[in-house]
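There are 6 protein chains.
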Amino acid sequence: MGKKTDIFKKERLSLNEIVLNYSEKNIKRFFSLDRQVYEDGALPKKTKELLGLVASIVLRCDDCIQYHLIECFSIGVTSDEISEAISISLIVGGSITIPHIRRAFETWDELVNNK
Amino acid sequence: MGKKTDIFKKERLSLNEIVLNYSEKNIKRFFSLDRQVYEDGALPKKTKELLGLVASIVLRCDDCIQYHLIECFSIGVTSDEISEAISISLIVGGSITIPHIRRAFETWDELVNNK
Amino acid sequence: MGKKTDIFKKERLSLNEIVLNYSEKNIKRFFSLDRQVYEDGALPKKTKELLGLVASIVLRCDDCIQYHLIECFSIGVTSDEISEAISISLIVGGSITIPHIRRAFETWDELVNNK
Amino acid sequence: MGKKTDIFKKERLSLNEIVLNYSEKNIKRFFSLDRQVYEDGALPKKTKELLGLVASIVLRCDDCIQYHLIECFSIGVTSDEISEAISISLIVGGSITIPHIRRAFETWDELVNNK
Amino acid sequence: MGKKTDIFKKERLSLNEIVLNYSEKNIKRFFSLDRQVYEDGALPKKTKELLGLVASIVLRCDDCIQYHLIECFSIGVTSDEISEAISISLIVGGSITIPHIRRAFETWDELVNNK
Amino acid sequence: MGKKTDIFKKERLSLNEIVLNYSEKNIKRFFSLDRQVYEDGALPKKTKELLGLVASIVLRCDDCIQYHLIECFSIGVTSDEISEAISISLIVGGSITIPHIRRAFETWDELVNNK
Numbered sequence: 013m014g015k016k017t018d019i020f021k022k023e024r025l026s027l028n029e030i031v032l033n034y035s036e037k038n039i040k041r042f043f044s045l046d047r048q049v050y051e052d053g054a055l056p057k058k059t060k061e062l063l064g065l066v067a068s069i070v071l072r073c074d075d076c077i078q079y080h081l082i083e084c085f086s087i088g089v090t091s092d093e094i095s096e097a098i099s100i101s102l103i104v105g106g107s108i109t110i111p112h113i114r115r116a117f118e119t120w121d122e123l124v125n126n127k
Numbered sequence: 013m014g015k016k017t018d019i020f021k022k023e024r025l026s027l028n029e030i031v032l033n034y035s036e037k038n039i040k041r042f043f044s045l046d047r048q049v050y051e052d053g054a055l056p057k058k059t060k061e062l063l064g065l066v067a068s069i070v071l072r073c074d075d076c077i078q079y080h081l082i083e084c085f086s087i088g089v090t091s092d093e094i095s096e097a098i099s100i101s102l103i104v105g106g107s108i109t110i111p112h113i114r115r116a117f118e119t120w121d122e123l124v125n126n127k
Numbered sequence: 013m014g015k016k017t018d019i020f021k022k023e024r025l026s027l028n029e030i031v032l033n034y035s036e037k038n039i040k041r042f043f044s045l046d047r048q049v050y051e052d053g054a055l056p057k058k059t060k061e062l063l064g065l066v067a068s069i070v071l072r073c074d075d076c077i078q079y080h081l082i083e084c085f086s087i088g089v090t091s092d093e094i095s096e097a098i099s100i101s102l103i104v105g106g107s108i109t110i111p112h113i114r115r116a117f118e119t120w121d122e123l124v125n126n127k
Numbered sequence: 013m014g015k016k017t018d019i020f021k022k023e024r025l026s027l028n029e030i031v032l033n034y035s036e037k038n039i040k041r042f043f044s045l046d047r048q049v050y051e052d053g054a055l056p057k058k059t060k061e062l063l064g065l066v067a068s069i070v071l072r073c074d075d076c077i078q079y080h081l082i083e084c085f086s087i088g089v090t091s092d093e094i095s096e097a098i099s100i101s102l103i104v105g106g107s108i109t110i111p112h113i114r115r116a117f118e119t120w121d122e123l124v125n126n127k
Numbered sequence: 013m014g015k016k017t018d019i020f021k022k023e024r025l026s027l028n029e030i031v032l033n034y035s036e037k038n039i040k041r042f043f044s045l046d047r048q049v050y051e052d053g054a055l056p057k058k059t060k061e062l063l064g065l066v067a068s069i070v071l072r073c074d075d076c077i078q079y080h081l082i083e084c085f086s087i088g089v090t091s092d093e094i095s096e097a098i099s100i101s102l103i104v105g106g107s108i109t110i111p112h113i114r115r116a117f118e119t120w121d122e123l124v125n126n127k
Numbered sequence: 013m014g015k016k017t018d019i020f021k022k023e024r025l026s027l028n029e030i031v032l033n034y035s036e037k038n039i040k041r042f043f044s045l046d047r048q049v050y051e052d053g054a055l056p057k058k059t060k061e062l063l064g065l066v067a068s069i070v071l072r073c074d075d076c077i078q079y080h081l082i083e084c085f086s087i088g089v090t091s092d093e094i095s096e097a098i099s100i101s102l103i104v105g106g107s108i109t110i111p112h113i114r115r116a117f118e119t120w121d122e123l124v125n126n127k
């Protein structure tokens, strides 16, 4: 896996430790829920990760976008599928999402070319 | 199809006529793009409508939610699939989406019980 | 309690029943978390309801605002306290919050004059 | 002036009275600032009302949109100018703004046909 | 006070000078209002800083979060109180706030361990 | 043109190439629309760039703000006009926009002092 996504994953782990140090019980319960909603169910994990990706783009959160792109890549989502999911995000969210979409494709390009 | 979704669809059509009366060319081009991104492609229409639904819930737009629920229903998305897509929207978007989720399930219930 | 807040509470209960009918387990768990974070703890319930109110105003959700105003009123928050919490919401969130603030004071006025 | 904009203006005045009843000094100061930023200056009032309109559309506030449309109409902004300002709002804000744009053109149509 | 919060405060001061150079009178008046709403009143400054913190988290502004955490720390807000305020922000704002909450706890940890 | 805006423009070009590599047709069509809405029409390009600037500030997108400031500077918008457009953005969007406004004036200052 590429450089930027490597750094991202290390920082995420290290910050999560600080979060756990200070978090009261409801924060921990929420983090647990946040894992469970993406598990296979009536909808497959692949669709759910794409739902998480589109939600993250229209709400314009770079870290969340990067996280779901890494997940999508690891379960075999194709570049064409990513491109179509991003086109929906762009139409729904407008040009204000473009800077995030630029960085999303940069991350995706790194993932694709380092596998 | 149920009462509220009927009224919604009539109002939408009648307002779209006013929009077309006043719109310059770029608005019309955008409306055309807005239809095309949900068509079958690398991702099936069903997945795309669910992507549109989740984007609409986290951005909290009742009309957009209602539109995508009607589309989802018409192409055979199940209640379990809707429920899982909504649970992702709720976790990503937080409790501020709950009033919209209440109205989403109300619309879905009407669609399911009048088919 | 006044008319509008009465209608609000009835509709909320009736919609919550539909939500429960269709909700999978993670939605139900979230609803439970949503109750627990406002309970007395290191911060008193009163402060927490004001936190919920301000979050609801800057995110511009009328139903959420109305809910927290009813809670605030029922535990004895004063009009001066509400006014100061709303002034922070207005400064943080800007003039785009004004229509919601108008309706918030309308709800508060109804609560105060029907007690 | 048309029916819906008439009702809008009456409700706005009546709610503003309740707001003034409960507002502490900083809210009143903000309301005063909110009037002053739209006055003629280095930029003419017309440009400023269009800036207010576009900001209101991308932030998706129907009341704010309606207010700025009424102001724009009263100072002679043309339908072509409104249409181009709305097309920028649509491209920046995406399809999530469409329901608000429908209602915006409905309001504008009422203003144009009742003058 | 720790390193990151030190850098943050220096940059903020230096940028504020540029802002004052270019700002017309209404911007200056707003900056003055922005200070006054957090002063002791019917609600104590401590509650008001927590209101500012929660508003900043749900609107996802790292600089604003950092500012209010520094203020909270300087007036003796405890880690348990911060954790409960953050749990409300997380429930209201959803998982999209998590990257900001990670950085918030990182800032808080720095403040606590360098006092 | 100054340093930061230079780096910004280079990165933008390099990322746009990656975007084009992966984009399906609807993304490309949107990018084309995104250029056309700012062209001279019933409203002059200058007004349209100011509309784009204000929309970018209230939606809080640093890259978009920087882009429109560069465009505004290149077509002769004055510092007084920028300041008034920013004051409207601040009043509409609230204090949550201040960190973006600080960086906006920093960019503008660089543009003005390096021409």
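Protein chains in written order, with my numbering: chain A, 13 to 127; chain B, 13 to 127; chain C, 13 to 127; chain D, 13 to 127; chain E, 13 to 127; chain F, 13 to 127. Positions of the beta carbon are idealized from the N, C-alpha and C atoms, including for glycine. Here the structure is a predicted model, which means the values were calculated and not measured.
>> Does chain B have any CB closer than 8 angstroms to the CB of D/Asp121?
In response: Locating residue 121 of chain D in the fourth sequence gives position 109, counting from the first residue. So, interface residue.
> For A/Ile108, which of F/Cys73, F/Ser101, F/Asn125 has the nearest alpha-carbon?
Replying inline: In the first sequence, the residue the question calls residue 108 of chain A occupies position 96. It is F/Cys73 whose Cα lies nearest to the Cα of A/Ile108.
> For C/Arg41, which residues in chain D fall below 8 angstroms Cβ to Cβ?
Replying inline: The residue labelled residue 41 of chain C in the question sits at position 29 within the third sequence. Residues of chain D passing the Cβ test: none, with the nearest at roughly 28 angstroms.
> Can you find a C-beta in chain E that's less than 8 angstroms from the C-beta of B/Val49?
Replying inline: Numbered from its first residue, the second sequence carries residue 49 of chain B at position 37. No, B/Val49 lies away from the interface with chain E (no Cβ there is under 8 angstroms from its Cβ).
> Rounded to a whole number of angstroms, what is the C-alpha to C-alpha distance between D/His112 and E/Ser86?
Replying inline: By one-based count along the fourth sequence, residue 112 of chain D stands at place 100. By one-based count along the fifth sequence, residue 86 of chain E stands at place 74. Distance between the alpha carbons of D/His112 and E/Ser86: 44 angstroms.
> If you draw a straight line from the alpha carbon of D/Gly106 to that of F/Ser35, how long is it in whole angstroms?
Replying inline: What you label residue 106 of chain D is simply residue 94 of the fourth sequence in a count that begins at 1. What you label residue 35 of chain F is simply residue 23 of the sixth sequence in a count that begins at 1. Taking the straight line from one Cα to the other gives about 18 angstroms.
> At a Cβ cut of 8 angstroms, what residues of the segment 29-40 of chain A count as close to chain E, listed as they run along the chain?
Replying inline: Ile30, Val31, Asn33, Tyr34, Ser35, Glu36, Asn38, Ile39
> If you pair each beta-carbon of the segment 91-104 of chain C with each one of the segment 16-35 of chain D, do three or more pairs fall below 8 angstroms?
Replying inline: yes
> To the nearest angstrom, how far is it from the Cα of B/Ile110 to the Cα of E/Ser44?
Replying inline: Counted from its first residue, the second sequence places residue 110 of chain B at position 98. Counted from its first residue, the fifth sequence places residue 44 of chain E at position 32. Taking the straight line joining both Cα atoms gives about 36 angstroms.
> If you compare alpha carbons, which of F/Asp46, F/Lys40, F/Thr119 is closest to F/Gln78?
Replying inline: Within the sixth sequence, residue 78 of chain F is the residue found at index 66, counting from 1. When each option's Cα is compared against that of F/Gln78, the closest is F/Thr119.
> F/Leu63 to D/Leu55, Cα distance in whole Å?
Replying inline: As a working note, residue 63 of chain F is residue 51 in the sixth sequence. As a working note, residue 55 of chain D is residue 43 in the fourth sequence. Whole-angstrom Cα-Cα distance: 12 angstroms.
>> Going by beta-carbon coordinates alone, are A/Ile30 and E/Asp18 separated by less than 8 angstroms?
In response: Here residue 30 of chain A is taken as the residue at index 18 of the first sequence, counted from 1. Here residue 18 of chain E is taken as the residue at index 6 of the fifth sequence, counted from 1. No; because the gap between Cβ atoms is not below 8 angstroms, this pair is not in contact.
> By Cβ distance, which residues of its chain are closer than 7 angstroms to A/Ser68, with the 5 residues on each side in sequence left out?
Replying inline: Counted from its first residue, the first sequence places residue 68 of chain A at position 56. The residues are Cys76, Ile77, His80.
> When DSSP labels each residue in this structure, what does E/Glu23 get in the three-state scheme?
Replying inline: Looking up residue 23 of chain E in the fifth sequence gives position 11. Helix.
> Relative to chain F, which residues along the segment 89-118 of chain C have a C-beta separation below 8 angstroms, given in chain order?
Replying inline: Leu102, Ile103, Val104, Gly105, Gly106, Ser107, Ile108, Thr109
>> Quick check: F/Cys84 and F/Leu102, are their CB atoms within less than 8 angstroms of each other?
In response: Position 72 of the sixth sequence holds residue 84 of chain F. Position 90 of the sixth sequence holds residue 102 of chain F. No; because the gap between Cβ atoms is not below 8 angstroms, this pair is not in contact.
> In chain order, what residues of the same chain lie with their CB nearer than 8 angstroms to the CB of C/Ser26, ignoring the 5 residues before and after it?
Replying inline: For this step, residue 26 of chain C is matched to residue 14 along the third sequence. So no residue of the chain qualifies.
> Is it the case that the Cβ atoms of E/Leu71 and C/Val70 are separated by a distance below 8 angstroms?
Replying inline: Walking along the fifth sequence from the start, residue 71 of chain E turns up at place 59. Walking along the third sequence from the start, residue 70 of chain C turns up at place 58. In this structure, C/Val70 lies closer than 8 angstroms to E/Leu71 by Cβ.
> Within this structure, are the beta carbons of A/Ser99 and F/Asn28 separated by less than 8 angstroms?
Replying inline: For this step, residue 99 of chain A is matched to residue 87 along the first sequence. For this step, residue 28 of chain F is matched to residue 16 along the sixth sequence. Contact: no.
> Counting contacts by CB-CB distance shorter than 8 angstroms, is A/Leu62 in contact with chain E?
Replying inline: By one-based count along the first sequence, residue 62 of chain A stands at place 50. Chain E contact via Cβ: absent.
>> Let's see if you can read the secondary structure: which residues bound the alpha helix (DSSP H) around B/Cys84?
In response: The sequence position of residue 84 of chain B within the second sequence is 72, counting from 1. Element bounds for B/Cys84: 74-86.
>> Could you compute how far the alpha carbon of F/Lys22 sits from the alpha carbon of B/Thr59?
In response: On the sixth sequence, position 10 is the one that residue 22 of chain F refers to. On the second sequence, position 47 is the one that residue 59 of chain B refers to. So the two alpha carbons sit approximately 36 angstroms from each other.
> From which residue to which residue does the alpha helix (DSSP H) around C/Gly64 run?
Replying inline: Within the third sequence, numbered from 1, the residue matching residue 64 of chain C stands at position 52. Start and end: 57-70.
>> Please identify the residue among F/Glu61, F/Ala97, F/Phe117, F/Phe42 whose C-alpha is closest to the C-alpha of D/Gly53.
In response: If you number the fourth sequence from 1, residue 53 of chain D lands on position 41. Per the Cα distances, F/Ala97.
> Would you report the Cα separation of D/Asp46 and C/Arg115, rounded to the nearest angstrom?
Replying inline: The residue given as residue 46 of chain D occupies position 34 in the fourth sequence. The residue given as residue 115 of chain C occupies position 103 in the third sequence. Cα to Cα, D/Asp46 sits roughly 18 angstroms from C/Arg115.
> Buried or exposed: where does B/Glu51 fall if 16 or more other Cβ atoms within 10 Å of its Cβ makes it buried?
Replying inline: Mapped onto the second sequence, residue 51 of chain B falls at position 39. So B/Glu51 counts as exposed.
> So what does DSSP say about B/Ala54, is it helix, strand or coil?
Replying inline: As a position in the second sequence, residue 54 of chain B is number 42, starting the count at 1. Correct three-state label for B/Ala54: coil.
> Excluding sequence positions up to five away, which residues of its chain have a Cβ less than 7 angstroms from the Cβ of B/Lys16?
Replying inline: Taking the first residue of the second sequence as 1, we reach residue 16 of chain B at position 4. Excluding sequence neighbours, B/Lys16 sits near Thr119, Glu122.
>> Along the chain, where does the alpha helix (DSSP H) containing A/Glu122 start, and where does it finish?
In response: Taking the first residue of the first sequence as 1, we reach residue 122 of chain A at position 110. That run of the alpha helix (DSSP H) goes 110-125.
>> Please state the DSSP three-state secondary structure of F/Val31.
In response: Residue 31 of chain F sits at position 19 when you count from the first residue of the sixth sequence. Helix, per DSSP.
> Along the chain, where does the alpha helix (DSSP H) that runs through D/Gly106 open and close?
Replying inline: If you number the fourth sequence from 1, residue 106 of chain D lands on position 94. No alpha helix (DSSP H) holds D/Gly106; DSSP gives it neither H nor E.
> Hey, how far is the Cα of F/Lys40 from the Cα of B/Phe42?
Replying inline: Within the sixth sequence, numbered from 1, the residue matching residue 40 of chain F stands at position 28. Within the second sequence, numbered from 1, the residue matching residue 42 of chain B stands at position 30. Those two C-alpha atoms are separated by around 12 angstroms.
> Since E/Leu45 meets chain D, which of its residues come closer than 8 angstroms, beta carbon to beta carbon?
Replying inline: Translated into positions along the fifth sequence, residue 45 of chain E becomes position 33. The contacting residues are Asn38, Arg41, Phe42, Leu45.
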